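First residue of the sequence shown: 0, per numbering that gives the first Met the number 0; consecutive thereafter.
Ideal placement from N, C-alpha and C gives every residue a C-beta, glycine not left out.
Note that the structure is predicted; figures quoted are calculated from it, not measured.
Only one structure is covered here, and it is reproduced in the block below.
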Amino acid sequence: MSNISGIERETLLQAARRFGTPVYVYNQSKIEEQCLKLHKYFPDVAFHYAVKANANPDVLRIIRKQGMGAEGVSEGELAAALAAGFKKKDLSFTCSNLREEELRAAAASGARVHLDSLNQLEVWGRLKLGKEVSLRLNQGIGAGHHKHVITGGPDSKFGIGLEDIAEAKGIAKKYNLSITGLQQHIGSNALDAGILLKAARVLLKTAAQFEDVTHIDFGGGLGIPYAPSEKELDLKAFGAELKKYIHEFKKSRGKTVEFAMEPGRFLVAEAGTLIVSVTDIKQTTKHTFVGVDSGFNHLLRPALYASYHPIENLSRTRGKRGRFSVAGNVCESGDVFATDREMLAPDIGDVLAICNAGAYGFSMASTYNLRVLPKEILITKDGKLKNISFDSALFAR
Ligand SMILES: Cc1ncc(COP(=O)(O)O)c(C=O)c1O
Numbered sequence: 000m001s002n003i004s005g006i007e008r009e010t011l012l013q014a015a016r017r018f019g020t021p022v023y024v025y026n027q028s029k030i031e032e033q034c035l036k037l038h039k040y041f042p043d044v045a046f047h048y049a050v051k052a053n054a055n056p057d058v059l060r061i062i063r064k065q066g067m068g069a070e071g072v073s074e075g076e077l078a079a080a081l082a083a084g085f086k087k088k089d090l091s092f093t094c095s096n097l098r099e100e101e102l103r104a105a106a107a108s109g110a111r112v113h114l115d116s117l118n119q120l121e122v123w124g125r126l127k128l129g130k131e132v133s134l135r136l137n138q139g140i141g142a143g144h145h146k147h148v149i150t151g152g153p154d155s156k157f158g159i160g161l162e163d164i165a166e167a168k169g170i171a172k173k174y175n176l177s178i179t180g181l182q183q184h185i186g187s188n189a190l191d192a193g194i195l196l197k198a199a200r201v202l203l204k205t206a207a208q209f210e211d212v213t214h215i216d217f218g219g220g221l222g223i224p225y226a227p228s229e230k231e232l233d234l235k236a237f238g239a240e241l242k243k244y245i246h247e248f249k250k251s252r253g254k255t256v257e258f259a260m261e262p263g264r265f266l267v268a269e270a271g272t273l274i275v276s277v278t279d280i281k282q283t284t285k286h287t288f289v290g291v292d293s294g295f296n297h298l299l300r301p302a303l304y305a306s307y308h309p310i311e312n313l314s315r316t317r318g319k320r321g322r323f324s325v326a327g328n329v330c331e332s333g334d335v336f337a338t339d340r341e342m343l344a345p346d347i348g349d350v351l352a353i354c355n356a357g358a359y360g361f362s363m364a365s366t367y368n369l370r371v372l373p374k375e376i377l378i379t380k381d382g383k384l385k386n387i388s389f390d391s392a393l394f395a396r
């Protein structure tokens with residue numbers, strides 16, 4: 000949910016004035032606050048930030064300095080993490096449908112690679128990419144805010160199914176590999192700790208079948224409330240329960256086992272705002288469209304997942320309220336950020352904040368319609384505005 004304070008409103012407006020709109024603005028303090036929460040409630044867990052959520056180099060550095068590792072899904076993301084100073088030992092990698100040379104590059108990066116399929120395991124063995132391997136499992140449990148982001152279960156392309164464990168062990172034996180790691184990621188934006196805990200329980204149960212396992216990764220998926228009706232994930236209860244599982248598992252093993260999680264959204268979503276300007280207002284027989292100078296090329300989530308993002312009018316704090324459909328400038332009818340949303344009646348020239356846009360916002364942005372990408376600005380801890388825009392083509396492979 001958004002609750003833009005007076006100071007923040009002024010800072011966001013200042014960013015719009017100085018750098019123009021559309022512009023992404025990230026709040027360093029909020030990112031750090033989220034990192035601290037995770038360390039507090041999950042003291043036994045190492046975190047690998049999912050770079051895909053927001054790969055801005057400054058954002059990566061902030062997260063690294065908070066004691067997080069990084070998780071990448073491509074050579075480019077691993078390169079961005081290394082450039083931001085993450086150590087090789089703090090990197091992990093998971094990806095489906097890789098070319099052989101990509102798997103080679105992931106192995107060479109030093110990251111812990113979670114193999115996504117029997118074929119990847121076979122290729123790993125044949126290419127002699129390392130004696131120890133980690134498997135991404137699909138245990139039939141999925142969760143998420145939209146079917147596109149549910150990554151466990153029979154409809155998901157990800158992971159090695161439990162029914163294929165015997166075959167995976169056979170491949171490992173053939174190549175004299177030791178399965179030392181297990182990972183899963185069931186989906187994104189889970190607000191119910193129950194489903195994440197269930198998946199963790201099942202993973203630990205499965206791990207009992209792997210005697211060499213010394214590393215267990217529960218994946219990401221920790222959600223944040225976007226809509227006013229949504230409740231925060233109960234991290235305290237989640238952390239306390241997971242701690243019990245971890246302790247029991249460690250006891251049953253009698254050897255050192257490391258535990259990890261791969262949060263992306265949780266660290267950056269609420270820290271980011273996409274600021275846009277109202278460029279047009281049009282009344283149809285059904286809706287009042289408020290046109291803005293950005294679109295799904297810059298924030299795809301509403302068009303791709305029908306996601307809710309709070310929208311606030313930064314230019315006014317009082318006035319008439321009404322229902323407005325906030326639409327972008329992309330030449331597609333699906334380019335709508337919000338439909339019939341209750342908000343303060345805007346005027347042309349007003350500046351709007353599209354909130355909770357720090358995750359899967361800029362990182363999914365494109366130059367579709369040949370429009371330039373927005374700048375990225377950081378509100379530093381001392382309240383200054385710093386231009387942290389970067390050229391993602393520098394890392395893309
Ligand atoms: C393997 C893996 N780990 C972690 C994440 C991060 O998910 P989230 O941003 O929901 O925490 C993803 C997201 O798609 C993923 O695919």
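From residue i to residue j, what does the alpha carbon distance come to, in whole angstroms?
i, j, result
"L202", "F217", "8 Å"
"E261", "F46", "6 Å"
"C354", "R17", "19 Å"
"K385", "E70", "26 Å"
"T316", "H147", "36 Å"
"K87", "V350", "42 Å"
"A206", "N26", "39 Å"
"N296", "G75", "21 Å"
"S187", "I223", "10 Å"
"A302", "E341", "19 Å"
"G124", "K204", "26 Å"
"S177", "A104", "20 Å"
"E375", "E269", "15 Å"
"I149", "A49", "16 Å"
"G401", "V212", "Residue 401 lies beyond the range of the chain shown here (0 to 396); nothing can be said about it."
"N55", "Q65", "16 Å"
"L357", "H308", "The sequence given here has Gly at residue 357, not Leu. Going from the Cα of G357 to the Cα of H308 covers about 11 Å."
"G129", "L114", "12 Å"
"G19", "S365", "18 Å"
"I30", "G271", "9 Å"
"H286", "G333", "14 Å"
"F41", "A259", "10 Å"
"S251", "F209", "13 Å"
"Y174", "A14", "56 Å"
"E131", "A192", "31 Å"
"D43", "R200", "16 Å"
"E121", "Q182", "18 Å"
"K249", "L136", "20 Å"
"E101", "C94", "10 Å"
"L369", "A392", "16 Å"
"E7", "L298", "21 Å"
"I61", "I378", "12 Å"
"I347", "S228", "30 Å"
"P153", "I140", "9 Å"
With residue i and residue j assumed to form a contact (beta carbons below 8 Å), what rounded beta-carbon distance in angstroms separates them?
i, j, result
"L313", "L11", "6 Å"
"S108", "H214", "Going by Cβ atoms, the distance from S108 to H214 rounds to 17 Å, so no, they are not a contact pair."
"N352", "I310", "According to the sequence displayed, residue 352 carries Ala and not Asn. Going by Cβ atoms, the distance from A352 to I310 rounds to 7 Å, so yes, they are a contact pair."
"F92", "V112", "5 Å"
"A58", "V267", "The question names Ala, but residue 58 is Val in the sequence shown. Yes, V58 and V267 are in contact; Cβ-Cβ is about 6 Å, under 8 Å."
"R264", "A395", "At roughly 22 Å, the Cβ-Cβ gap does not stay under 8 Å, so R264 and A395 are not in contact."
"L97", "Q119", "7 Å"
"Y398", "H145", "The structure shown does not extend to residue 398, since the chain is modelled only from 0 to 396, so the question has no answer here."
"A344", "K319", "5 Å"
"F142", "G219", "Checking the displayed sequence, the identity of residue 142 turns out to be Ala instead of Phe. Incorrect: roughly 11 Å between the Cβ atoms, too far for contact."
"S324", "D339", "6 Å"
"A198", "Q138", "7 Å"
"L117", "E166", "6 Å"
"Y23", "G360", "6 Å"
"L190", "K230", "6 Å"
Check whether the region 272–282 touches the region 36–50, taking contact to mean three or more Cβ pairs, one atom from each stretch, closer than 8 Å.
Between the region 272–282 and the region 36–50 there are fewer than three inter-stretch CB-CB distances shorter than 8 Å, so the stretches are not counted as touching.
Inter-stretch contact at 8 Å, needing at least 3 Cβ pairs: the region 289–298 / the region 322–332:
Counting C-beta pairs closer than 8 Å gives three or more between the region 289–298 and the region 322–332, which meets the contact rule.
Can you find at least 3 beta carbon pairs, one from the region 147–166 and one from the region 225–241, that sit closer than 8 Å?
no
Hey, which unbroken runs of the alpha helix (DSSP H) at 4 residues or more fall wholly within the region 31–87?
With a minimum length of 4 residues, the continuous alpha helix (DSSP H) runs that stay inside the region 31–87 are 56–64, 74–82.
Segments of 4+ residues assigned as alpha helix (DSSP H) that fall wholly inside the region 131–167
none
Cβ contact check for the region 242–249 and the region 162–176: 3 or more pairs under 8 Å:
No, they do not touch.
Evaluate contact between the region 79–88 and the region 169–187, counting only Cβ atoms and requiring at least three cross-stretch pairs below 8 Å.
no
4-residue-minimum alpha helix (DSSP H) runs that sit fully inside the region 173–221, ordered along the chain:
You should have 192–206.
Alpha helix (DSSP H) runs contained entirely in the region 279–309, provided each spans 4 or more residues
300–304
Residue ranges of each alpha helix (DSSP H) within the region 235–283, 4 or longer:
264–267
Could you pull out every unbroken alpha helix (DSSP H) segment of at least 4 residues lying fully inside the region 84–115, listed in chain order?
99–107
Suppose only complete runs of 4+ residues qualify. What are the alpha helix (DSSP H) ranges in the region 295–379, listed by chain order?
300–304
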